[in-house]
Amino acid sequence: MSRLIVISNRVSPPRTESGAGAQGGLAVALAAALKEYSGLWFGWSGNKIEEFTGHIDMQRAGGVTTATVDLEEQDVDEYYNGYANRTLWPLFHYRIDLAEYDRGFGSGYKRVNERFADTVAPLIDPDDLVWVHDYHLIPLGQELRARGLKNRIGFFLHIPWPPSRLLVSLPNHQELVESLLAYDVIGFQTEEWLESFRHYVERELDGRVDEDGTVHVRGRTVHVAAYPIGIDYAEFSEAVETPVAKEACERLRGSAERKRVVIGVDRLDYSKGLAERFHGYQRFLEKHPEQRSEIFLLQIAPPSRGEVATYEEIRENLDELSGRINGEFAEVDWVPIRYVNQGYPREELAGFYRAAPIALITPLRDGMNLVAKEYVAAQDPEDPGVLILSRFAGAALQLKDALMVNPYSPDEISDAIFAALAMPKEERIRRWRGMIESVRGEDVVAWRHAFVSALENAKPAVAVEPA
Ligand code: ADQ
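Dropping the structure here:
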């Protein structure tokens, strides 16, 4: 049987054999795939060094073999903080106002992809399956082909694919997209992102995409499809039953003193719509003063990408906004927003979800959004909470029974909170049943199987000559 080689920017194998650590479902699911295929997980160690050496640190952790390399400071600045997080991330989340185009970022991105290819290529055997992840590594497939690899190589994009009209604002966009044609399978989270990709292929590359997802561009064929990622349902539904989760649930309920908790959990990122969410919540407080002291918003948002200035700004902005709303509405015995900037172990998080009768998950744009699915999985089937979800999250295409909102509209958010508070139990149960079916059935294991079998079934690639 072929081995599976997973390549992603960062490598995070589960810390224990059972896989039940503080990490997310993605790490657990990839680790399970690597065990099944006795494979290897390659990526950046997270460390910075003076000069790139290509030294590979091989480790065995949680039953998985990992191979990591250190990167130079300049690599990290230009490739990771630069092109990945200051150019592609904002652009692919439709924030062209925040996207920075800097030649140095572009060359750093290319250099690190070449360095990854140089380092990992010798570790790959001819019949291995190779699975590359996310926007940090779009050109990696092409770099591997340039080094003679004829393996089946797949790529999965975890974030949205932007509309062509936005994408063309990226200098050298065509070069970037054409590099994707070196893969055999390209996976997107949803049909919507796939649709935008198809549009680009037809309009900008003069290619064709068949009904069955075969892309034809200048003699090259690639299979494209939507593979919506899910959570590790089995792991998460166990997590919510653990003593740690139960204690976390009781702790939050106890501190809530019969007030109902509205929960939000997000990385601190502008794509998650936190300021807009606070404004929507503020609108609710203004419109429904009689219900003010019946609820509070618990927003858990650990900082991320601290080296990028925009993230510093959004953090300051949210500190100020939450402070202002609390200052304006708080009473001696009630604070409207509990704003917490830290991460929690998964079991505790599961307990918090269970304690909250309402979740407010309102990204402005999100490839999928696993928090929404985790919230659904953590609910008591006899008395489930209500999910308020942004229509712009990839997850909205599956969780159709959520209360759907436009996250830019404070009135819609306010109305949804009002409706959630008043929703009868029968309706909550009916909506939850609709959602749990998808969360359980379309879980991360199903996602991985679908992608890996598409890759196994792909016709072996013809090596493409580098341009
Ligand atoms: P993210 O943008 O990171 O992922 P998301 O899908 O919501 O967004 O996943 C976040 C994960 O981090 C969840 O598992 C959540 O539990 C965890 N998390 C968030 N805040 C936490 C906290 N305070 N403490 C502990 N854990 C916390 C990217 C894309 C998404 C896509 C995923 C997977 O942006 O659209 O769904 O990859 O493909």
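Residue numbers (our numbering): 19 to 485.
We treat Cβ as the ideally placed atom computed from N, Cα and C, and that holds for glycine.
Sequence-distant residues of the same chain with beta carbon closer than 8 angstroms to residue i, five excluded per side
| i | result |
| --- | --- |
| D146 | S20, R21, L22, I23, G57, N169 |
| R129 | D93, E96, Y97 |
| K277 | S311, E312, I313, F314, W352 |
| Q360 | I318, P320 |
Per-residue burial, residue i [other beta carbons within 10 Å of its own, 16 or more giving buried]
| i | result |
| --- | --- |
| H151 | buried |
| V283 | buried |
| A102 | buried |
| S289 | buried |
| G298 | buried |
| M17 | Residue coverage of the chain in this structure runs from 19 to 485, which leaves residue 17 outside it and unanswerable. |
| A200 | buried |
C-alpha distance - residue i paired with residue j, whole-angstrom precision
| i | j | result |
| --- | --- | --- |
| E365 | I177 | 26 angstroms |
| V457 | F70 | 42 angstroms |
| S214 | H234 | 16 angstroms |
| A472 | L52 | 17 angstroms |
| W211 | A49 | 26 angstroms |
| N344 | L303 | 11 angstroms |
| Y55 | Y112 | 37 angstroms |
| T208 | V280 | 28 angstroms |
| G61 | P31 | 11 angstroms |
| F173 | L421 | 32 angstroms |
| L175 | Q309 | 42 angstroms |
| V404 | L270 | 17 angstroms |
| R226 | A79 | 44 angstroms |
| L336 | H467 | 40 angstroms |
| A348 | P425 | 24 angstroms |
| R165 | V219 | 26 angstroms |
| D433 | R238 | 50 angstroms |
| P498 | R356 | This structure leaves residue 498 out entirely; the chain is present only between 19 and 485. |
| H241 | T232 | 5 angstroms |
| V138 | G81 | 20 angstroms |
DSSP bridge partner residues for residue i (one or two, in chain order)
| i | result |
| --- | --- |
| Y357 | Q317 |
| L58 | I23, T83 |
| S408 | V423 |
| D93 | Bridge partners of D93: none, in fact. |
| W149 | V24, G172 |
| G369 | Answer is none; G369 lacks a bridge partner. |
| V283 | I318 |
Cut-off 7 angstroms between Cβ atoms - residues of its own chain near residue i, not counting five sequence neighbours on either side
| i | result |
| --- | --- |
| N131 | L155, P157, L158, E161 |
| R323 | N103, Y329 |
Residue ranges of each beta strand (DSSP E) run of no fewer than 3 residues wholly in the segment 181-269, ordered along the chain?
Secondary structure remark: continuous beta strand (DSSP E) runs of at least 3 residues inside the segment 181-269, in chain order: 203-206, 232-235, 238-244.
Where are the beta strand (DSSP E) runs, 3 residues long or more, that stay fully inside the segment 292-329, in chain order?
313-318
Hey, which unbroken runs of the beta strand (DSSP E) at 3 residues or more fall wholly within the segment 107-154?
147-151
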